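Please read the structure below before turning to the comments.
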Amino acid sequence: FLSIYEQISQSILHNNRSLIHQTSAKTQRFLTKMMMKKMFVQIAVICVLATIAAVSAHEGHSHSPAPAPGPASSSAVVSATNMFTGLAFAAVALVLGLNH
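Just so we're aligned, residue 4 is where the sequence shown starts under the working numbering, counting upward by one.
Put into structure tokens, the structure is as follows:
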């Protein structure tokens, strides 16, 4: 009788250990996935802030006394394009980070 009891208890203990190991592996994958999402969000925020800072710094260093008459100056168009591109990359990084 004791032998059967020992076998059953060892079997239950073995099953519990494997269940704990599987759960911890799933938990580790989940935590890794969450860390990757957090990194994507942080990278996206840094890209947005760096783009805004670069555009703001570029627009503040105009040394010409007055803009030339005619269509909008090309530096403003380039700055707006750079800012839009940076925001687009940040949005793509956010979407990829939140969906995967």
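Where is the CB? At the ideal position from N, CA and C, for every residue including glycine. These numbers come from a predicted model, not from an experiment.
| query | CA-CA distance, Met86 and Met39? | reply | 25 Å
| Rounded to the nearest angstrom, how far is the Cβ of Ala96 from that of Ile46, given a contact under 8 Å? | 6 Å
| Between the C-alpha atoms of Lys29 and Met42, what's the straight-line distance to the nearest angstrom? | 20 Å
| Is it buried or exposed for Thr54, if we count other Cβ within 10 angstroms and need 16 for buried? | buried
| query | CB-CB under 6 Å to Ser14, same chain, minus the five flanking residues each way: which ones, in chain order? | reply | none
| Would you call Val58 buried or exposed, if buried means 16 or more other Cβ atoms sit within 10 Å of its Cβ? | buried
| Considering only residues of the same chain and omitting the five flanking positions on each side of Val51, which have a CB-CB separation below 8 Å? | Gly89, Leu90, Ala93
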